Every structure is written in C-alpha cells, then in structure tokens.
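**Q**
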Amino acid sequence: MASITTSDGVEIFFKDWGSGRPLVFHHGWPLSSDDWDAQLLFFHARGYRVVAHDRRGHGRSAQVPDGHDMDHYADDVAAVVEHLDLHDAVHIGHSTGGGEVVRYLARHGTARAAKAVLIGAVPPLMLKTDTNPGGLPLEVFNDFRDQLAASRAGFYNAVPIPFYGWNRDGATIDDGIRGNWWRQGMIGSALAHYQGIKAFSETDFTDDLKAIDIPVLLMHGEDDQIVPIDDSARIGIKLLRHGTLKTYPGFPHGMATVHADVINADLLAFIES
343 MASITTSDGV EIFFKDWGSG RPLVFHHGWP LSSDDWDAQL LFFHARGYRV
393 VAHDRRGHGR SAQVPDGHDM DHYADDVAAV VEHLDLHDAV HIGHSTGGGE
443 VVRYLARHGT ARAAKAVLIG AVPPLMLKTD TNPGGLPLEV FNDFRDQLAA
493 SRAGFYNAVP IPFYGWNRDG ATIDDGIRGN WWRQGMIGSA LAHYQGIKAF
543 SETDFTDDLK AIDIPVLLMH GEDDQIVPID DSARIGIKLL RHGTLKTYPG
593 FPHGMATVHA DVINADLLAF IES
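Quick note on the working numbering: the sequence shown kicks off at 343 and runs consecutively.
(1) Which of the three DSSP states, helix, strand or coil, is assigned to Y390?
(2) Measure the alpha-carbon distance for K357 versus L383 and round it to whole angstroms.
(3) Measuring CA to CA, which of H395, T438 and R363 is closest to I539?
(4) How far does the beta strand (DSSP E) with S345 in it reach, from first residue to last?
(5) Taking just the CA atoms, how far does P364 sit from V393?
(6) Give the straight-line distance between the Cα atoms of V600 and D413, rounded to the nearest whole angstrom.
(7) Answer yes or no: do A513 and G507 have a C-beta to C-beta separation smaller than 8 Å?
(8) Looking at the strands, I want to know which residues DSSP matches up with M561.
(9) Is R583 closer than 8 Å to I554 when the C-beta atoms are compared?
(10) Considering only C-alpha positions, which residue in the set T589, L533 and G521 is nearest to D488?
(11) Taking 7 Å as the limit between beta carbons, can you name the residues of its chain near G362, skipping five residues before and five after?
(12) Measure from the alpha carbon of S349 to the alpha carbon of each residue in W524, A420, D379 and G578, then state which is nearest.
(13) Buried or exposed: D573, going by 16 or more other Cβ atoms within 10 Å of its Cβ?
(14) DSSP on E353, reduced to helix/strand/coil?
(15) Any Cβ of chain C within less than 8 Å of the Cβ of G512?
(16) Could you check which residue in I568, D549, T347 and E424 has the C-alpha nearest to that of V366?
(17) Can you list, in chain order, the stretches of the beta strand (DSSP E) that have 3 or more residues and sit fully within the region 416-501?
(18) Assign F593 to one of three DSSP states: helix, strand, or coil.
(19) Going by other Cβ atoms of all chains shown within 10 Å of its Cβ, with 16 needed for buried, is D396 buried or exposed?
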C-alpha cells in the first residue's frame, strides 16, 4: 500500500491513480478514501490524476493516539501534496473533509492549488455559540460521543439512515452503501473518531474562509440532516472572496454517493471552467 510518514511519525495511506491534472479528495468523518469511489473512478476514466488519503486514525492510516485536530489534518494533507509534488490541484472535501480543505489552504497557502470544492462541508462552524446562534447545541455532539463510546458498531449502523436521507418518505435503504459506510467506520480508530468529533464540530473556519484566494465551489444538499445548509454553506459563501454556491433540493448529506451522476457532472463542469 502507498503511504508516507509525516514529520511527527504518522503513517498516512493514500491512493494515487493516473497522470493528468491532480484532483485531491478529502473524506468525511468517520470514513476513508473509499467513500470517494464513485468520483475516483469517474475522474480517472476522464484522464485526471486522482489522489485520496485516509485521515490519521481513519481507514488504513496509523491509529495514533493524538493529533486529531484540524491543524494536524491540514499538515498531513500538506505532507501528501509535497510528497507527490502536486501543482495546479483541485481540492475536493466532503463534510469534515471540507473543513480539512479550508484549513489546509489557509494554513499552507494556495501556491500548489487552483480551485477547491466543499461538498456538504462543516465550515464555518457547526457548534451553536453566542456568535453562531444557528448552530447545533453541544448536547448533539456529546450524544455522538456517548453513542460512539457505548456501541460504535451500533452507532455506525444507524448514522447512514439520516446521512443518506433514507428516513424520508418513499426512500429505500441501500444495504450495500449502508454496509460500506459501516465497514469504513469500523476499520478506523475509535479514539480518533471520538476526538475527531470536537475537531469537526468546534473548529471555527471563519478566518480560514476569508483567507482563501482561489475559486471555491460550495455544493450542498438542501435536505442535509447532518450539516444543515443554513448554518454552513449559506453563511460560508458570504465569507469567500471567490465563492459560488450551488444547492440541491431534496439531496442529503451523502449526495456524492447516492446522486453521483449529478454531483460528478457538476464537479467536472467546475473543474474545467
């Protein structure tokens, strides 16, 4: 398996397919680079170089006991980008991965990047605070932690239902997608996932968004039950210098999987614009 070792000694697994313009994919919590299968195959077939890594503590990367915060996540991305010597890259992040993209670009600069895409992404801030009254209460994330600690396997069997909108009238559960979500979660580290909840829910990306000087496309499902659109993309678009917001009526948080045909076409249009 392809991997690098970061400056703080963490082994990071990555996929690197093709030789065209690089597209770098950043997965959500608590998943792995496998969550991008529909995109990696689509863009590789169209001549792009597709790169996707497993975040530290997730998937096939090392299950280290520390560094489960956005700064370390961003530094790990920088290590992969520099190791592969990527230039003119488009960074595409889903959910927590969207936060990772934003922190990477703000922390390490955009010299190697051309564009970015945030899909159902957590920025600018998920947690309800005095300055973010539309956010989710801390109790929501404490409940995530409690359920994970009590029965991670049971929790990860339940999360895909709202994640993919299968609790809506007329929806049909796809057992294959549900099982793949569970599989990806369970091969990661319980500790990394537990600590990662704080990273994706309490990190304030307001200044990061303001610092980004390349074009950014925000793609968000209007029926996203995991990262509600009104307190994420609809605020984030106002903070970006060169941002475009595209919303999808009725689409859920996991729209890149269950509506891959639509999302892939729109990604391709933005990348080639």
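Cβ atoms here follow ideal geometry from the backbone N, Cα and C, with glycine treated the same way.
Being a predicted model, the structure only gives us computed values, none of them experimental.
**A** For this structure:
(1) The three-state secondary structure of Y390, taken from DSSP, is coil.
(2) 12 Å
(3) T438
(4) S345 to T347
(5) 7 Å
(6) 30 Å
(7) In this structure, A513 places its C-beta atom within 8 Å of the C-beta atom of G507.
(8) I461 and K588
(9) yes
(10) L533
(11) G389, Y390 and R391
(12) A420
(13) Burial call: buried.
(14) strand
(15) Structure shown: chain C not included; a single protein chain is present.
(16) Checking every option, the nearest Cα to that of V366 belongs to E424.
(17) Taking only runs of at least 3 residues, the beta strand (DSSP E) segments lying wholly in the region 416-501 are 431-436 and 455-461.
(18) It is coil, neither helix nor strand.
(19) buried
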